[in-house]
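Visitor: Okay, handing you the structure first.
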Amino acid sequence: MSRHQAPEELLLDFAAGALPQGPSLAVALHVALDPAARRTVQDFQAVGGALLESENATPFEEFALDKVLGKLDGIPVEAAPVAPKPVPGFEWAPAPLLPYLGRNPRWHKALGGFENIPIHIPGDTHRVELLRLMPGRGLPQHHHVGQEYTVVMHGGFTDSTGNYGVGDFAVGPGEHDHEPVADTDDGQPCIALIVLERPIVLTGPWGRWFNPLVKRGWL
Numbered sequence: 088m089s090r091h092q093a094p095e096e097l098l099l100d101f102a103a104g105a106l107p108q109g110p111s112l113a114v115a116l117h118v119a120l121d122p123a124a125r126r127t128v129q130d131f132q133a134v135g136g137a138l139l140e141s142e143n144a145t146p147f148e149e150f151a152l153d154k155v156l157g158k159l160d161g162i163p164v165e166a167a168p169v170a171p172k173p174v175p176g177f178e179w180a181p182a183p184l185l186p187y188l189g190r191n192p193r194w195h196k197a198l199g200g201f202e203n204i205p206i207h208i209p210g211d212t213h214r215v216e217l218l219r220l221m222p223g224r225g226l227p228q229h230h231h232v233g234q235e236y237t238v239v240m241h242g243g244f245t246d247s248t249g250n251y252g253v254g255d256f257a258v259g260p261g262e263h264d265h266e267p268v269a270d271t272d273d274g275q276p277c278i279a280l281i282v283l284e285r286p287i288v289l290t291g292p293w294g295r296w297f298n299p300l301v302k303r304g305w306l
C-alpha cells in the first residue's frame, strides 16, 4: 500500500472516465500499483453502477446510497494487472504504461542531469513523460502554475512535501517551490511518470534564462 494516495476526487473522476488521457494514465498506474487506490476506484464504480440501475427502479422505490455502500465490503479486490510482455529494461513498468512505450524506448539525457522519455498522447494538451533520476540527483528548483501529477514506479524521491516510493501519487505543490531529489537508500534510480498541465517555472539562479526554453518544450 502506498503512503500517498491520489485525492479521492481524482479517483472518482478516473472511475467515471472523466479525466483527460494524460492524468488518466497517471491514475491508472497508481491504481495498478496500489491495492487501496484500486479498491477505492472499484467502490466508486460499484456505486455508479448501482445509481444507474436505480434510474430504472419503480417510482415508489426510494434509492438509498447507504444501502449500496453497505454492500461494498463484500466486493473482492482484483489482483493488480500483470504486464503480459515486459519490455527489456522496463520490467518495472505497470501494464497500463506498456502501450505507450513503443517497441524500442530509449532514455534521453535532459539538461539538469536527468533522463526522460516523452509520452505522446494525441489530442491531449498535457505534457506527459517518464523521468529517471540517479540516486542523489534532483530536478531543478521550480514551481507550478498548473496541475502536476507524479506517480513513482521505481525507487523513490524526496521533496519539501514528503518522501515518495513505489506506487505513491504526488500532486504538485502549486506556487510553492520544490526540488525533488532521488533517494539514495537502495542505490536505485527513481523512475516516475509526470503529467504537467502547463510548463514548470524554474526558480533557481539560472531559472529566468531557461524558462523561455521550458515554455517552448525544449527542456
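Each residue of the sequence shown is one higher than the one before, counting from 88 in our numbering. Each residue gets a CB set at the ideal place from its N, CA and C atoms; glycine is no exception.
1. Which ranges would you report for the beta strand (DSSP E) in the stretch 205-238 if only whole runs of at least 3 residues count?
2. If you follow the beta strand (DSSP E) that L188 is in, where does it begin and where does it stop?
3. Would you kindly report the start and end of the unbroken alpha helix (DSSP H) that includes V253?
4. Is L272 buried or exposed, if buried means 16 or more other CB atoms sit within 10 Å of its CB?
5. Is the beta carbon of N235 less than 9 Å from the beta carbon of A257?
6. Rounded C-beta distance between G254 and H117? I'm assuming under 8 Å.
7. Closest by CA to P209, which one among F177, Q108 and R190?
8. Does G274 get closer than 9 Å to chain D when you measure Cβ to Cβ?
9. Check L120 in the structure and name its three-state DSSP category.
10. G200 and R219 look like a contact to me (Cβ under 8 Å); what is the Cβ gap, rounded to whole Å?
11. Pick from D264, T248 and H91: whose alpha carbon is nearest that of H230?
12. For S247, count neighbouring Cβ atoms within 10 angstroms of its own Cβ and tell me buried if that reaches 16, exposed if not.
13. Please state the DSSP three-state secondary structure of D128.
14. Alpha carbon to alpha carbon, what distance is there between Y187 and K172?
15. Beta carbon of A113, beta carbon of V282: below 9 Å?
16. Going by other Cβ atoms of all chains shown within 10 Å of its Cβ, with 16 needed for buried, is F147 buried or exposed?
17. Within the same chain, show all residues whose beta-carbon is closer than 6 Å to that of T237, passing over the 5 residues directly before and after it, in chain order.
Guide: The answer reads as follows:
1. For the stretch 205-238, whole beta strand (DSSP E) runs of length 3 or above, ordered along the chain, are 214-220.
2. Here residue 188 refers to the residue found at position 101 of the sequence shown. Unbroken run through L188: none, as it is neither H nor E.
3. Residue numbering aside, residue 253 sits at position 166 when the sequence shown is read from its first letter. Counting along the chain, V253 falls outside any alpha helix (DSSP H), and DSSP gives it neither H nor E.
4. Counting from 1 along the sequence shown, the entry for residue 272 is found at position 185. Strictly speaking, residue 272 in this sequence is Asp, with Leu absent from that position. It counts as exposed.
5. Numbered from 1 along the sequence shown, position 148 holds the residue referred to as residue 235. Numbered from 1 along the sequence shown, position 170 holds the residue referred to as residue 257. Sequence inspection shows Glu at residue 235; the Asn mentioned does not correspond to that position. Yes.
6. Stepping through the sequence shown from its first residue, residue 254 is reached at position 167. Stepping through the sequence shown from its first residue, residue 117 is reached at position 30. Indeed they touch by this definition, with Cβ atoms about 7 Å apart.
7. By 1-based counting over the sequence shown, the position of residue 209 is 122. When only C-alpha atoms are compared, the closest one is Q108.
8. Here chain D cannot be found, since the structure has a single protein chain.
9. Sequence index remark: in the sequence shown, residue 120 carries index 33 (1-based). Correct three-state label for L120: helix.
10. Residue numbering aside, residue 200 sits at position 113 when the sequence shown is read from its first letter. Residue numbering aside, residue 219 sits at position 132 when the sequence shown is read from its first letter. Incorrect: roughly 11 Å between the Cβ atoms, too far for contact.
11. For the purposes of this step, residue 230 is taken as the residue at position 143 of the sequence shown. Minimum Cα distance to H230 is reached at D264.
12. As a working mapping, residue 247 is identified with position 160 in the sequence shown. So S247 ends up on the exposed side.
13. Within the sequence shown, numbered from 1, the residue matching residue 128 stands at position 41. Note that residue 128 is Val in the sequence shown here, rather than Asp. It is helical.
14. Reading the sequence shown from its first residue, position 85 is the one you call residue 172. Reading the sequence shown from its first residue, position 100 is the one you call residue 187. Looking at the two C-alpha atoms, the distance is approximately 13 Å.
15. Along the sequence shown, one-based indexing puts residue 113 at 26. Along the sequence shown, one-based indexing puts residue 282 at 195. Yes, these two residues count as a Cβ contact at 9 Å.
16. Taking the first residue of the sequence shown as position 1, residue 147 is located at position 60. Its pLDDT being 38, under 50, F147 is placed unreliably by the model, and the measurement read from it follows with that caveat. Its Cβ having fewer than 16 others within 10 Å, F147 is exposed.
17. Residue numbering aside, residue 237 sits at position 150 when the sequence shown is read from its first letter. Excluding residues up to 5 positions away in sequence, A257, A279 and I281 lie with their Cβ nearer than 6 Å to the Cβ of T237 in the same chain.
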